[in-house]
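Everything below concerns the one structure shown next.
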Amino acid sequence: MYLKYDTTVIFLSLTEILGGSAVRFSGISSINQLLKNAAEYINVADFDMPLKLSQPVKSKLTQAISKHTTGTETNNQYFEKIPLQPIVDAIEEFGYTIIQEDGTAWDGFLVGADASVTIELGTNPDEKGFYQPITNAALILQWHKMPSGQYEINAYIS
8 MYLKYDTTVI FLSLTEILGG SAVRFSGISS INQLLKNAAE YINVADFDMP
58 LKLSQPVKSK LTQAISKHTT GTETNNQYFE KIPLQPIVDA IEEFGYTIIQ
108 EDGTAWDGFL VGADASVTIE LGTNPDEKGF YQPITNAALI LQWHKMPSGQ
158 YEINAYIS
């Protein structure tokens, strides 16, 4: 009973840390198995102050983003518009979001036929809506509008 309680508490804590992505931890019956699975998504360095992302977490974020920009998720490599919302959704599954320079949630638009933007990442919003910035990672988003009118997208976590 005590082990099951600890597993539930840790499970709920990890689910909250990862932005509610409980699916990654379904079917887990022991703390060891839970921590082993969690190690694929978080690292002790992810909790250091100032907040920094470990390389394994950056890689997992980039993999999640690339599903929406390389055709593996949509079976389409080219887009009628820049797929920003699916990219943001993939980032938010890990408990992070894109933020503006003032630390609030990013609220903007993307323009141009060919461009590149760097958008900061943040997590843990306070009661006023200000996020703690991630100091060693950002979303890099590049696009090119082809003669067909469709966009080719490149996105990753730096």
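Heads up, the sequence shown stops at 165 in the numbering used here, and the numbers go up one at a time, no gaps.
Yeah, the Cβ is synthetic: ideal placement off N, Cα and C, and Gly gets one too.
Query                                                                                                           : Result
Sufficient close CB pairs (3 or more, under 8 Å) joining the segment 66–78 to the segment 110–120               : no
In chain order, each alpha helix (DSSP H) run of at least 4 residues that lies wholly inside the segment 52–125 : 62–73 and 91–99
6 Å CB neighbourhood of residue 162 in its chain, flanking five on each side removed                            : 72, 76, 94 and 148
Cβ distance (whole Å) where residue 74 is taken to contact residue 97 below 8 Å                                 : 7 Å
Neighbourhood of residue 136 by C-beta, 8 Å cutoff - its chain only, sequence neighbours within 5 removed       : 111 and 112
Residues near residue 89 by beta carbon distance below 7 Å, same chain, minus five either side                  : 117, 150, 158 and 160
Burial state of residue 102, where buried means 16 or more other Cβ atoms lie within 10 Å                       : buried
Cβ shell of residue 105 (< 8 Å), same chain only, five flanking positions each side left out                    : 95, 98, 112, 113, 126, 127, 128, 129 and 146
Whether residue 91 touches residue 164 by CB criterion (8 Å)                                                    : no
Closest Cα partner of residue 107 within the set 70, 154 and 124                                                : 124
Residue burial classification, residue 144 (beta-carbon count within 10 angstroms, cutoff 16)                   : buried
Beta-carbon proximity list for residue 140, same chain, < 6 Å, skipping 5 on both sides                         : 127 and 129
Endpoints, beta strand (DSSP E) assigned at residue 159                                                         : 158–164
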